[in-house]
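Read in order, the letters of the sequence shown are residues 499 to 924 in my numbering.
Idealized CB from N, CA, C, for every residue including glycine.
Notes follow once the structure below has been shown.
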Amino acid sequence: MMKTILWLCNRPIEENADKRDGTWFTAMARGISESSEIKLAVIAQSEVKTVSLCNFKNIIQWVVPIDPLDRIGLPPRRTVEAIKRIVNEIKPDLIHIWGTENYWGLLTARGILPWPAVLEIQGIKYVYARTYYGGLTLTELIRCIGPVEIMRPSAALFFGKRRFEHWGKFEKEMIIKNKNISTQSDWVRTHIKTLKPDCFLFETGMMLRKEFFDAKPWTPPMKQNKEAPVIFMSSSGAVAYKGLHILMRAIAILKNKYPEIVLSVGGDIIKKGIRKSGYSRWLQSEARRLAITDNIHWLGPLDAAEIVQQYHKASAVVVPSFVETYSLAMAEAMVVGVPVVASYAGAMPELANNGYSALFFPSGDEAACAWQLDRILNDQKLSIFLSQNARRTGISRNNPHNVLERQIKIYNAILSNKTNLIDKGN
């Protein structure tokens, strides 16, 4: 008998090429919806004025407005009541909550939605808050105040960190009051078990988009060992803890040896006009100070096919984050086989072995980052060695069939109360 699983998401599942964050659950939804065991339904936030039915293929999908939240972390009562009506209509066997970054987990934690549930951990804001500034000095933080922050002070990095810290109390409530919790890394599991020792923890896989598995394996580009190597980085937004400024400083060091080196940056980072954040403006001024303005190519948001194109132009991909609960960017690069240089932070060391399938450097250390990149640029045998091992590791770890099979096993284990079959928390 088919089981109905209801997903609560921060954005709807759509057909269009995806250039935003959260791409893993879109890929997972496609796989789950093709299963003969699961009927999938979704409630998601979207830029709508009223609650609307917006089905995607064979997936029942409702979208609700993105409302301001009250002091207890919930949207207006009308939205909560609408969600309750939809859930009562769907009658799910299990609710899968995607992330603690929004209010969804509070609905099950507080008994507003009294259905069996599993809480998926994506990011942990109260942990991210500790490195939110990305090592920026007080002077640099002040220089990150631009027109946007003057007109809207809440946009400043200082208030961004405060928001992460404030939301942390709601995240902790979700974790403490939800019994079943799903994660993708031991690093996250350590934080969850510290907060809620008696929870049932499940290890889920990360479903990557089809384009990365279908891509031609990476080979060293023609400019690999010459004066104009390409280094690629992508980020979902202009946030300091992603460490782009660290990579820029590493590029400035490498420019002494590779004068025409190119840093290609994908993501919605440098907006135009008044919408440009203070941190983005500071990045551009930092590029001028480092004399690398002409070495940086701001590519804007990229879909999966465009990211793959950039991989094949690059000599290496860098993930310089100060914290990551998984790192989709690193996993995608490894599947294609691009040599990866990553900071030794958060869960990233779990994705690869240093010197075998990636090269690591201490987070915030631009000199060490530059050194690891130089090793790849100078040694084609090393880059091919890393590439082959990364691809082998990534394809095995993120195999779509295995990821999908494991997800369905988790649903079945929770619904049959056989959590001991998969639980990694004990």
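What residues are listed by DSSP as bridge partners for Asn852? Ala856
Considering only their Cβ atoms, is the gap separating Ile541 from Trp522 smaller than 8 Å? no
Element boundaries [alpha helix (DSSP H), containing Leu913]: 898–913
Where Trp716 falls: helix, strand or coil (DSSP): coil
When you compare the CB positions of Trp716 and Gly835, do they come within less than 8 Å of one another, or not? yes
Span of the beta strand (DSSP E), counted from its first residue to its last, around Asn678: 678–681
Reducing DSSP to helix, strand and coil, say where Gln782 ends up. helix
Rounded C-alpha distance that separates Asn915 from Phe700: 13 Å
The alpha helix (DSSP H) enclosing Ile729, as first and last residue numbers: That residue, Ile729, is in no alpha helix (DSSP H); its beta strand (DSSP E) goes 728–732.
Cβ-based neighbour list, Val817, same chain, cut-off 6 Å, excluding 5 preceding and 5 following: Ser825, Ala827, Met828, Ala840
So Ile593 is in the beta strand (DSSP E); what residue range does that whole segment cover? 592–596
Using the Cα positions of Pro727 and Glu663, report the straight-line distance between them to the nearest angstrom. 40 Å
Note down, in chain order, each residue of its chain lying with its Cβ closer than 8 Å to the Cβ of Glu513, except the 5 sequence neighbours on either side. Phe554
Please go through the region 581–626 and give each complete beta strand (DSSP E) segment of 3 or more residues, from N-terminal end onward. 592–596, 615–618
For Pro510, three-class secondary structure by DSSP: coil
Exposure label - Ser683; buried when at least 16 CB within 10 Å: buried
Quick check on Tyr854: buried or exposed, where buried means 16 or more other Cβ atoms within 10 Å of its Cβ? exposed
Just verifying my parser: in three-state terms, what is the DSSP assignment at Thr502? strand
Proximity winner among Ile557, Ile874, Ala627, Ser531, relative to Phe657 (alpha-carbon distances): Ala627
Alpha carbon to alpha carbon, how far is Ala713 from Met649? Give it in angstroms, no decimals. 45 Å
Mind checking whether His594 and Ile729 have CB atoms under 8 Å apart? no
Which word fits Lys589, buried or exposed, when buried means at least 16 other C-beta atoms lie within 10 angstroms of its C-beta? exposed
Classify Ile908 as buried or exposed, calling it buried when 16 or more other Cβ atoms lie within 10 Å of its own Cβ. buried
Between the CA atoms of Ile759 and Asn793 - distance to the nearest angstrom: 6 Å
Per-residue burial, Trp505 [other beta carbons within 10 Å of its own, 16 or more giving buried]: buried
Express the C-alpha separation of Glu647 and Leu902 in angstroms, rounding to a whole number. 43 Å
Mapping DSSP to helix, strand and coil, what is Gly771? helix
Should Gly609 go down as buried or exposed, given a rule of 16 or more other Cβ atoms within 10 Å for buried? exposed
Check whether the region 631–646 and the region 560–572 are in contact - that is, three or more C-beta pairs closer than 8 Å. no
Should Ala738 and Leu655 be called a contact, given that it needs their Cβ atoms to be closer than 8 Å? yes
I'd like to confirm the pairing. Which residues does DSSP put opposite Phe554 in its beta bridges? Ile557
To the nearest angstrom, how far is it from the Cα of Ile874 to the Cα of Leu781? 26 Å
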